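Trainee: First residue of the sequence shown? That's -12 in the numbering used here, and the numbers climb one at a time after it. Ideal Cβ positions, reconstructed from N, Cα and C, are used throughout, including at glycine. All values derive from a computational prediction rather than experimental measurement.
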Amino acid sequence: MKTITKKLILLASGDGSNVENIIKYFKNTPNIEVVLVAGNNKNAYVFERVEPFNIETLVFTKSYFNNKFVNIIELYHPDLIILAGFLWKIPELWINKYPNKIINIHPSLLPSFGGKGMYGSNVHEAVINSKVKKTGISIHIVNKEYDEGNIIFQAEINVLIEDTPESIARRVQILEKEHFPRVIKEYLFKIE
-12 MKTITKKLIL
-2 LASGDGSNVE
8 NIIKYFKNTP
18 NIEVVLVAGN
28 NKNAYVFERV
38 EPFNIETLVF
48 TKSYFNNKFV
58 NIIELYHPDL
68 IILAGFLWKI
78 PELWINKYPN
88 KIINIHPSLL
98 PSFGGKGMYG
108 SNVHEAVINS
118 KVKKTGISIH
128 IVNKEYDEGN
138 IIFQAEINVL
148 IEDTPESIAR
158 RVQILEKEHF
168 PRVIKEYLFK
178 IE
C-alpha cells in the first residue's frame, strides 16, 4: 500500500525561525513534506534560512496574493497552509477554498492581544502594560478575521515583574519551537 505524503505550504513575512524549525522537524518524516515557502517581503531573512533545504520559494505582491496566488497554491495540492510569522490578512477566497486547512501561530493567549497590528513586540508590550499574569502561544484555524479562528492549542508562561518585551519574546519563542511542529503534525492527521 502506497503511503500518501501530506504537503505543507508555509507563509512568512520576516525572520523565519518558525519556518526553519518546522522544516527541520519534518525533514526526515517520510509522509510529510514542505513543498513551498512563500512570503511578501523579498528581503526577509526567511528566504536565506530555507536555502539549504532546497525547498521552492515564492515572493509575492499584495495584488498577486489577493488575486492569483490561490491558483499557484492549487498546483501544490496542500493539505495544510501554515502562517508562521505571516502578517497579511488571508483573503476570504482562500478560507472558503481551504476550510480548516489554514492555521496560524500567535504570540499570546488568544482571544487576548490579537487582531490587526498585534504581532511581535506590539503583543508583548501590550501584555506587560495590561499587567496580566500569563501569556503564551495560541495555534488557531484562520478565518476571515485576524486571530479569531477556533483555537487548536495553547501553551502558557508566567509574566514576571522584571519582564521586558524582549524577555517575553524569548520565552514565547521557546514555546513556539517546542509545540508548533508537533501540533501541526497532530492536526494534519485529524483533518483527513
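Over the uninterrupted alpha helix (DSSP H) stretch that includes residue 166, give me the two end residues.
Mentor: Taking the sequence shown and counting its residues from 1, one reaches residue 166 at position 179. 152 to 177 is the span of the alpha helix (DSSP H), which, as asked, contains residue 166.
Trainee: Do you know how far the Cα of residue 169 is from the Cα of residue -4?
Mentor: Here residue -4 is taken as the residue at index 9 of the sequence shown, counted from 1. Here residue 169 is taken as the residue at index 182 of the sequence shown, counted from 1. Cα-Cα distance, rounded: 16 Å.
Trainee: From the DSSP secondary-structure annotation, give me the bridge partner or partners of residue 91.
Mentor: In the sequence shown, the residue the question calls residue 91 occupies position 104. Answer is 70 and 127, bridged to residue 91.
Trainee: Between the alpha carbons of residue 54 and residue 138, how many angstroms are there, rounded?
Mentor: Locating residue 54 in the sequence shown gives position 67, where the first residue counts as 1. Locating residue 138 in the sequence shown gives position 151, where the first residue counts as 1. Roughly 28 Å separates the two Cα atoms.
Trainee: Report buried or exposed for residue 101, applying the criterion of at least 16 other Cβ atoms within 10 angstroms of its Cβ.
Mentor: The residue you call residue 101 lines up with position 114 of the sequence shown. So residue 101 ends up on the buried side.
Trainee: Please look up how many angstroms separate the CB atoms of residue 142 and residue 171, rounded, as I've assumed it's under 8 Å.
Mentor: Locating residue 142 in the sequence shown gives position 155, where the first residue counts as 1. Locating residue 171 in the sequence shown gives position 184, where the first residue counts as 1. So it is not a contact: roughly 14 Å between Cβ atoms.
Trainee: What three-state label does DSSP hand residue -12 in the structure shown?
Mentor: To locate residue -12, count along the sequence shown from 1; it is residue 1. For residue -12, the predicted structure reports a pLDDT of 49, less than 50, and the residue's modelled location is therefore unreliable. The matter cannot be settled from this model.
Trainee: Taking contact to mean 3 or more Cβ pairs, one atom from each stretch, closer than 8 Å, check whether the region 29 to 38 and the region 108 to 122 are in contact.
Mentor: No, because fewer than three Cβ pairs between the region 29 to 38 and the region 108 to 122 fall closer than 8 Å, the two stretches do not touch.
Trainee: Alpha carbon to alpha carbon, how far is residue 78 from residue 6?
Mentor: For the purposes of this step, residue 78 is identified with residue 91 of the sequence shown, where counting begins at 1. For the purposes of this step, residue 6 is identified with residue 19 of the sequence shown, where counting begins at 1. When rounded, the distance between both Cα atoms is 21 Å.
Trainee: According to the Cβ coordinates, are residue 175 and residue 67 closer than 7 Å?
Mentor: The residue given as residue 175 occupies position 188 in the sequence shown. The residue given as residue 67 occupies position 80 in the sequence shown. The answer is yes: Cβ separation under 7 Å.
Trainee: Can you round the beta-carbon distance between residue -6 and residue 86 to whole angstroms, since I take them to be within the 8 Å contact cut?
Mentor: Numbered from its first residue, the sequence shown carries residue -6 at position 7. Numbered from its first residue, the sequence shown carries residue 86 at position 99. Wrong, their Cβ atoms sit about 17 Å apart, outside the cutoff.
Trainee: Would you say residue 1 and residue 72 are within 7 Å of each other, going by their C-beta atoms?
Mentor: Walking along the sequence shown from the start, residue 1 turns up at place 14. Walking along the sequence shown from the start, residue 72 turns up at place 85. Yes, the Cβ-Cβ distance between residue 1 and residue 72 is below 7 Å.
Trainee: By alpha-carbon positions, which one of 9, 17 and 3 ends up nearest to residue -9?
Mentor: The residue you call residue -9 lines up with position 4 of the sequence shown. Closest option to residue -9, Cα to Cα, is 17.
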